[in-house]
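This is how it looks when you write it as structure tokens:
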């Protein structure tokens, strides 16, 4: 397929340093998908609040990603934006805010993420009221679900539609739900909805076991990887660092070393968009070569690291893969 104007601009101008690494990684991503292999994308940081869904949703619809691992924050913040976008507040001069300014934002019901403030009542509490009914119904039947399965249930129920404040095509979670895309959410407890769920458990309204755990996510991932990694293996496209990347990449050494499934393919493509500092002893910011020593990548795995801002780099790589 012929490349679009964005891709042509990238190819003509991104010639050196991190820009060249972006092009190399994008071309290798495209080659990986074109060869019929599958790709995981991992989401750390505040990618959903950054509205990465505008491009990621199309990647999902066009079958350019087969599974997503994300933090609990990214899971919930996509639907927060979906139902409360018009109530968000942008603070472009956030560096100039005084502690008193920050307190004023809190008193107005805003939680700040860099230059973007999420409205607690219109986003968090609105979703709490809707999802609590699903938690409670499952709890009463002694049914258990993974965190993202409750979100999928909420989307499929249609209860959110009257609250949409953006075009649903820009929500990556709506796109994922429509495809029934596998999602892995390690450490979901470290999220607003995780805290809310814990509060309801403390009040005796819900059982902690109603939402399935991170260990069960690893079991789910190991089953998915085993079924989908025949032949050349699966690619790993990591946006940011943290548990969203560190958790799923470990499924391979677990299968090989702990379960003794020696025939398990290593990850067959690796790219990370990182702003971490390797020399500080960072796991998240470790250069890809280090992962060879942990049994995650091979010495022949195409591997890339782009040390830049993911909110700039990821949409450009997605645009390349989508031939925009």
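In the working numbering, the protein residues as written are 630 to 953.
Ideal placement from N, C-alpha and C gives every residue a C-beta, glycine not left out.
Rounded straight-line distance, which links the Cα of residue 700 to that of residue 847: The residue you call residue 847 lines up with position 218 of the chain shown. The residue you call residue 700 lines up with position 71 of the chain shown. Looking at the two C-alpha atoms, the distance is approximately 14 Å.
Starting from residue 698, trace the beta strand (DSSP E) in both directions and tell me its first and last residue. Your numbering for residue 698 matches position 69 in the chain shown. For residue 698, the enclosing beta strand (DSSP E) starts and ends at 696-699.
Would you please verify whether the beta carbon of residue 765 is less than 8 Å from any beta carbon of chain B? Absent from the structure: chain B. Only one protein chain is present.
By DSSP, does residue 745 sit in helix, in strand, or in coil? Position 116 of the chain shown holds residue 745. Strand.
Delimiting residues of the beta strand (DSSP E) encompassing residue 643: Numbered from its first residue, the chain shown carries residue 643 at position 14. Where residue 643 is concerned, there is no enclosing beta strand (DSSP E), given that its DSSP letter is neither H nor E.
For residue 933, which beta-bridge partners are listed by DSSP? Locating residue 933 in the chain shown gives position 304, counting from the first residue. Residue 933 is bridged to 900.
Just mark residue 680 as buried or exposed, buried being the case when its beta carbon has 16 or more other beta carbons within 10 Å. For this step, residue 680 is matched to residue 51 along the chain shown. Buried is the call here.
Assigned secondary structure, residue 720 (DSSP; H/G/I helix, E/B strand, else coil): To locate residue 720, count along the chain shown from 1; it is residue 91. Three-state result, residue 720: coil.
Could you tell me if residue 703 is buried or exposed, where buried requires 16 or more neighbouring beta carbons within 10 angstroms of its beta carbon? Translated into the one-based positions of the chain shown, residue 703 becomes position 74. For residue 703, the number of other beta carbons within 10 angstroms of its own is at least 16, and it is reported as buried.
Grab the span of the beta strand (DSSP E) containing residue 843 for me, first residue to last. As a working note, residue 843 is residue 214 in the chain shown. Careful: residue 843 lies outside any beta strand (DSSP E), inside the alpha helix (DSSP H) at 843-857.
Starting from residue 667, trace the beta strand (DSSP E) both ways and give me its first and last residue. Within the chain shown, numbered from 1, the residue matching residue 667 stands at position 38. Unbroken beta strand (DSSP E) run through residue 667: 667-672.
Ranges of the alpha helix (DSSP H) found wholly within the segment 757-807, counting only runs of at least 4: The segment 757-807 contains these whole alpha helix (DSSP H) runs: 776-786.
Taking 8 Å as the limit between beta carbons, can you name the residues of its chain near residue 854, skipping five residues before and five after? What you label residue 854 is simply residue 225 of the chain shown in a count that begins at 1. So the list reads 863, 880, 881, 884, 893, once near-sequence residues are dropped.
Answer yes if the segment 718-734 comes into contact with the segment 835-846, meaning at least three C-beta pairs across the two stretches below 8 Å, and no otherwise. Under the three-pair Cβ rule at 8 Å, the segment 835-846 does not count as touching the segment 718-734.
Using the rule of at least 16 other Cβ atoms within 10 Å of the residue's Cβ for burial, across every protein chain shown, is residue 835 buried or exposed? Translated into the one-based positions of the chain shown, residue 835 becomes position 206. Buried is the call here.
Going by C-alpha distance, which of 876, 895, 712 is nearest residue 747? Within the chain shown, the letter at position 118 stands for residue 747. The option with the nearest alpha carbon to residue 747 is 712.
Beta-carbon contacts of residue 871 that lie in its chain and below 6 Å, excluding the five residues immediately before and after: For the purposes of this step, residue 871 is taken as residue 242 along the chain shown, with counting starting at 1. Correct list, in chain order: 673, 913.
Once you ignore the five residues that flank residue 933 on each side, which residues in its own chain have a CB closer than 8 Å to its CB? Looking up residue 933 in the chain shown gives position 304. Apart from the 5 residues on each side of it in sequence, residue 933 sits with its Cβ closer than 8 Å to the Cβ of 650, 653, 654, 657, 899, 900, 901, 917 in its chain, given in chain order.
Length of the line joining the Cα atoms of residue 860 and residue 804: Position 231 of the chain shown, counted from the start, is the residue given in the question as residue 860. Position 175 of the chain shown, counted from the start, is the residue given in the question as residue 804. Residue 860 and residue 804 have their C-alpha atoms some 28 Å from each other.
If you follow the beta strand (DSSP E) that residue 941 is in, where does it begin and where does it stop? Numbered from its first residue, the chain shown carries residue 941 at position 312. No beta strand (DSSP E) holds residue 941; the alpha helix (DSSP H) holding it covers 939-950.
Local Cβ density within 10 Å of residue 724, reported as buried at 16 or more and exposed below that: The residue given as residue 724 occupies position 95 in the chain shown. Answer is exposed; the Cβ neighbour count stays below 16.
Outcome for residue 776 when other beta-carbon atoms lying within 10 angstroms are tallied against a minimum of 16: As a first step, residue 776 must be located in the chain shown, where it is residue number 147. Its Cβ being crowded by 16 or more others within 10 Å, residue 776 is buried.
Give the secondary structure of residue 926 by DSSP, where H, G and I count as helix, E and B as strand, and everything else as coil. On the chain shown, residue 926 is found 297 positions in, with the first residue counted as 1. Note: residue 926 maps to strand in three-state DSSP.
Three-state secondary structure assigned by DSSP to residue 916: The residue given as residue 916 occupies position 287 in the chain shown. Three-state result, residue 916: coil.
Hey, how far is the Cα of residue 953 from the Cα of residue 648? Counting from 1 along the chain shown, the entry for residue 953 is found at position 324. Counting from 1 along the chain shown, the entry for residue 648 is found at position 19. About 17 Å.
Residues bridged to residue 863 [DSSP beta-bridge criterion]: To locate residue 863, count along the chain shown from 1; it is residue 234. Bridge pairing for residue 863: 667 [DSSP].
For residue 907, which residues from the same chain have a beta carbon less than 8 Å from its beta carbon, with the 5 sequence-adjacent residues on both sides left out? Translated into the one-based positions of the chain shown, residue 907 becomes position 278. So the qualifying residues of the chain are 914, 915, 916.
Distance between residue 826 and residue 643 (C-alpha atoms, nearest Å): Here residue 643 refers to the residue found at position 14 when the chain shown is read from its first residue. Here residue 826 refers to the residue found at position 197 when the chain shown is read from its first residue. Going from the Cα of residue 643 to the Cα of residue 826 covers about 46 Å.
Cα-Cα separation between residue 719 and residue 946, rounded to whole angstroms: As a working note, residue 719 is residue 90 in the chain shown. As a working note, residue 946 is residue 317 in the chain shown. Across the structure, residue 719 and residue 946 are spaced so that their CA atoms are roughly 26 Å apart.
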